[in-house]
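Novice: Pasting a structure below so you can have a look.
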Amino acid sequence: MAGRDAAARHPLRSRLAPAAVRALTALCRRLDWHRVQAFGRALGRTGWWFARRDRNRALEHLTFAFPELPADERRRLARRVFAHFGILLGECLHLTDKGCEEAARHVEVEGWERVAALRAAGRGVLIVTGHCGNWELLAATINCRGLGMAVVARELEEPRFNAFLLALRERFGTRTILRGRPQAARDLLRTLRDGGALGLLIDKDIAAEGVWVPFFGRLAFTPSGAADLALRFDLAAVPAFIERRADGSHLARFEAPLALPPDRTAATGLMTARIEAQVRRRPEQWPWFHRRWRRRPPAD
1 MAGRDAAARH PLRSRLAPAA VRALTALCRR LDWHRVQAFG RALGRTGWWF
51 ARRDRNRALE HLTFAFPELP ADERRRLARR VFAHFGILLG ECLHLTDKGC
101 EEAARHVEVE GWERVAALRA AGRGVLIVTG HCGNWELLAA TINCRGLGMA
151 VVARELEEPR FNAFLLALRE RFGTRTILRG RPQAARDLLR TLRDGGALGL
201 LIDKDIAAEG VWVPFFGRLA FTPSGAADLA LRFDLAAVPA FIERRADGSH
251 LARFEAPLAL PPDRTAATGL MTARIEAQVR RRPEQWPWFH RRWRRRPPAD
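Counting in the numbering used here, the final residue of the sequence shown is number 300, and the numbers go up one at a time with none missing.
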């Protein structure tokens, strides 16, 4: 198991990290929304100074993604990325003992009528998104509106963090189908058969079947599962994104269903183009420290 391997490699971290998360959770539950965001922002800004490898990778990626920006502006943008992920952590911890009413207070929704119309017509729905904004809050928003969405995700190395995320999602009605598990395919089919929806994040280079498509002008290995499912089961692929606004509230947007070409690479490319558009819209709310372009495409 991945969790046991991680614990063997980092025994001290494996013991201390869960205790730190419990302490942070207790604090964030007590703080109101704006105070928890301020606390998370401070955490993220502190992390900027200690996570040298991630900091350098974020700056490297921002350099080729936004070559038109001056170096000092890219550095400020990278610092905002770290602040964003601190806020995201605080928000998620804050919500661990809350319900749909609390989540809905902080999210404005646009375009939900598109999803509602698809469901009314009996069409299966596939929510396509990326690690933009607070994607866990997006999932909560979707299921608090009764969509019955299950997300397909990988299992984290640290089992207690994995359990934390699963519990957070389940609190808002989001089931997690763990990629690679023997029962994953059966769970996917059951979700669709029961009238539920699927949600997939396809903006990371992970160990999964995939294709090469452009992302910020470079070919990036991208999971093709969303395209494969949409094409195989005739699902309506709806790009959906969430972003944090200056006042601390969030905007969740549901775009028009994509007209997918029958080719999996072209379909994945179309989905990825919508994710890139959202990242360009809010570049400070995407994980630029992720090794998105770590693999090189095979030579022709």
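Glycine included, each C-beta is placed from N, C-alpha and C at the ideal position. What you are looking at is a predicted structure, and each value in this text was computed from that prediction instead of being measured.
Buried or exposed for residue 303, please, with buried defined as at least 16 other CB atoms from any protein chain shown within 10 angstroms of its CB.
Specialist: Residue 303 is absent from the structure shown; the chain starts at 1 and stops at 300.
Novice: Residue 167 and residue 177: beta carbons closer than 7 Å?
Specialist: Here residue 167 is taken as the residue at index 167 of the sequence shown, counted from 1. Here residue 177 is taken as the residue at index 177 of the sequence shown, counted from 1. Not a contact, by the Cβ cut-off of 7 Å.
Novice: Considering Cα atoms alone, identify which of 145, 238, 57 and 161 is closest to residue 127.
Specialist: Taking the first residue of the sequence shown as position 1, residue 127 is located at position 127. The shortest C-alpha separation from residue 127 is found at 238.
Novice: Run the CB neighbour count on residue 189, radius 10 Å, all protein chains shown included, and call it buried at 16 or more, exposed below.
Specialist: What you label residue 189 is simply residue 189 of the sequence shown in a count that begins at 1. Exposed, since its Cβ has fewer than 16 Cβ neighbours within 10 Å.
Novice: Relative to the C-alpha of residue 96, which candidate in 163, 234 and 267 has its C-alpha closest?
Specialist: For this step, residue 96 is matched to residue 96 along the sequence shown. The candidate whose alpha carbon is nearest that of residue 96 is 163.
Novice: Please name the residue or residues paired with residue 243 in a DSSP beta bridge.
Specialist: To locate residue 243, count along the sequence shown from 1; it is residue 243. Answer by DSSP bridge pairing, in chain order: 251.
Novice: At a cut-off of 6 Å, would you count residue 167 as near the ligand FAD, judging by its Cβ distance to the nearest heavy atom?
Specialist: The ligand content of the structure shown is nil, which means the ligand FAD is not present either.
Novice: Is the CB-CB distance between residue 272 and residue 224 below 7 Å?
Specialist: Taking the sequence shown and counting its residues from 1, the one referred to as residue 272 is at position 272. Taking the sequence shown and counting its residues from 1, the one referred to as residue 224 is at position 224. Going by C-beta atoms, residue 272 is not nearer than 7 Å to residue 224.
Novice: Under a three-way DSSP split, which group does residue 129 fall into?
Specialist: Residue 129 sits at position 129 when you count from the first residue of the sequence shown. Strand at residue 129.
Novice: Out of curiosity, what's the CA-to-CA distance linking residue 42 and residue 231?
Specialist: Stepping through the sequence shown from its first residue, residue 42 is reached at position 42. Stepping through the sequence shown from its first residue, residue 231 is reached at position 231. Straight-line Cα distance between these residues: approximately 44 Å.
Novice: If you draw a straight line from the C-alpha of residue 79 to the C-alpha of residue 45, how long is it?
Specialist: If you number the sequence shown from 1, residue 79 lands on position 79. If you number the sequence shown from 1, residue 45 lands on position 45. For residue 79 and residue 45, the distance between alpha carbons rounds to 7 Å.
Novice: Does residue 294 get closer than 7 Å to chain D when you measure Cβ to Cβ?
Specialist: The structure shown contains no chain D; it holds only a single protein chain.
Novice: Quick check: the Cα distance between residue 6 and residue 279, rounded to an integer number of angstroms?
Specialist: Position 6 of the sequence shown holds residue 6. Position 279 of the sequence shown holds residue 279. Only weak support is given to the placement of residue 6: the predicted model assigns it a pLDDT of 47, under 50, and the value that follows is read from those uncertain coordinates. Going by the C-alpha atoms only, they are around 31 Å apart.
Novice: For residue 212, list the residues DSSP reports as bridge partners.
Specialist: In the sequence shown, residue 212 corresponds to position 212, counting from 1. Bridge partners of residue 212: 221.
Novice: Run the CB neighbour count on residue 34, radius 10 Å, all protein chains shown included, and call it buried at 16 or more, exposed below.
Specialist: Position 34 of the sequence shown, counting from 1, holds the residue named residue 34. That one is exposed.
Novice: Rounded to the nearest angstrom, what separates residue 234 and residue 31 at their Cα positions?
Specialist: Taking the sequence shown and counting its residues from 1, the one referred to as residue 234 is at position 234. Taking the sequence shown and counting its residues from 1, the one referred to as residue 31 is at position 31. The alpha-carbon atoms of residue 234 and residue 31 are separated by roughly 44 Å.
Novice: Return the CA-CA distance between residue 195 and residue 117, expressed in angstroms with no decimal places.
Specialist: Sequence index remark: in the sequence shown, residue 195 carries index 195 (1-based). Sequence index remark: in the sequence shown, residue 117 carries index 117 (1-based). Computed Cα separation, rounded: 14 Å.
Novice: Do residue 21 and residue 250 count as a contact pair if the criterion is CB distance below 7 Å?
Specialist: If you number the sequence shown from 1, residue 250 lands on position 250. If you number the sequence shown from 1, residue 21 lands on position 21. Not in contact: residue 250 and residue 21 (Cβ atoms no closer than 7 Å).
Novice: Just the Cα atoms here: how many angstroms apart are residue 161 and residue 18?
Specialist: What you label residue 161 is simply residue 161 of the sequence shown in a count that begins at 1. What you label residue 18 is simply residue 18 of the sequence shown in a count that begins at 1. About 8 Å.
Novice: State whether the segment 61–73 contacts the segment 135–146, with contact taken as three or more CB pairs (one from each stretch) at a distance under 8 Å.
Specialist: Result no; under three Cβ-Cβ pairs closer than 8 Å.
Novice: Residue 54: buried (16+ other C-beta within 10 angstroms of its C-beta) or exposed?
Specialist: The residue you call residue 54 lines up with position 54 of the sequence shown. Classification of residue 54: buried, given that the 10 Å Cβ count is 16 or more.
Novice: Mapping the DSSP letters down to three states, classify residue 69 as helix, strand or coil.
Specialist: Here residue 69 corresponds to residue number 69 of the sequence shown, with the count starting at 1. The answer is coil: DSSP assigns residue 69 none of H, G, I, E or B.
Novice: Using the C-alpha atoms, what's the distance from residue 120 back to residue 51?
Specialist: Counted from its first residue, the sequence shown places residue 51 at position 51. Counted from its first residue, the sequence shown places residue 120 at position 120. Cα to Cα, the separation comes out at about 48 Å.
Novice: My output table needs one value for residue 191: the three-state DSSP class, helix, strand or coil.
Specialist: One-based indexing of the sequence shown puts residue 191 at position 191. Three-state DSSP puts residue 191 in a helix.
Novice: For a quick check, are the C-beta atoms of residue 289 and residue 58 less than 7 Å apart?
Specialist: Numbered from 1 along the sequence shown, position 289 holds the residue referred to as residue 289. Numbered from 1 along the sequence shown, position 58 holds the residue referred to as residue 58. Yes; because the gap between Cβ atoms is below 7 Å, this pair is in contact.
Novice: Am I right that residue 205 and residue 220 are in contact with their C-beta atoms under 8 Å? What's the rounded C-beta distance?
Specialist: Position 205 of the sequence shown holds residue 205. Position 220 of the sequence shown holds residue 220. At roughly 7 Å, the Cβ-Cβ gap stays under 8 Å, so residue 205 and residue 220 are in contact.
Novice: Going by C-alpha to C-alpha distance, which of 148, 104, 260 and 186 sits closest to residue 252?
Specialist: Taking the sequence shown and counting its residues from 1, the one referred to as residue 252 is at position 252. Among 148, 104, 260 and 186, the Cα nearest to that of residue 252 is on 104.
Novice: Where does residue 298 land, buried or exposed, given buried means 16+ other C-beta within 10 angstroms?
Specialist: Reading the sequence shown from its first residue, position 298 is the one you call residue 298. Burial call: exposed.
Novice: Leaving out five residues on either side along the sequence, give the residues of the same chain with a beta carbon under 6 Å from the beta carbon of residue 83.
Specialist: In the sequence shown, residue 83 corresponds to position 83, counting from 1. Once the five neighbours on either side are set aside, the close Cβ partners of residue 83 are 41, 44 and 45.
Novice: One question on the structure: do residue 133 and residue 295 come within less than 7 Å of each other, judged by their Cβ atoms?
Specialist: Reading the sequence shown from its first residue, position 133 is the one you call residue 133. Reading the sequence shown from its first residue, position 295 is the one you call residue 295. Not in contact: residue 133 and residue 295 (Cβ atoms no closer than 7 Å).
Novice: Can you tell me whether residue 176 is helix, strand or coil according to DSSP?
Specialist: As a first step, residue 176 is located in the sequence shown; it is residue number 176 there, counting from the start. Looking at residue 176 - three-state DSSP - the assignment turns out to be strand.
Novice: Leaving out five residues on either side along the sequence, give the residues of the same chain with a beta carbon under 7 Å from the beta carbon of residue 284.
Specialist: In the sequence shown, the residue the question calls residue 284 occupies position 284. Hits under 7 Å: 77, 80, 81 and 84.
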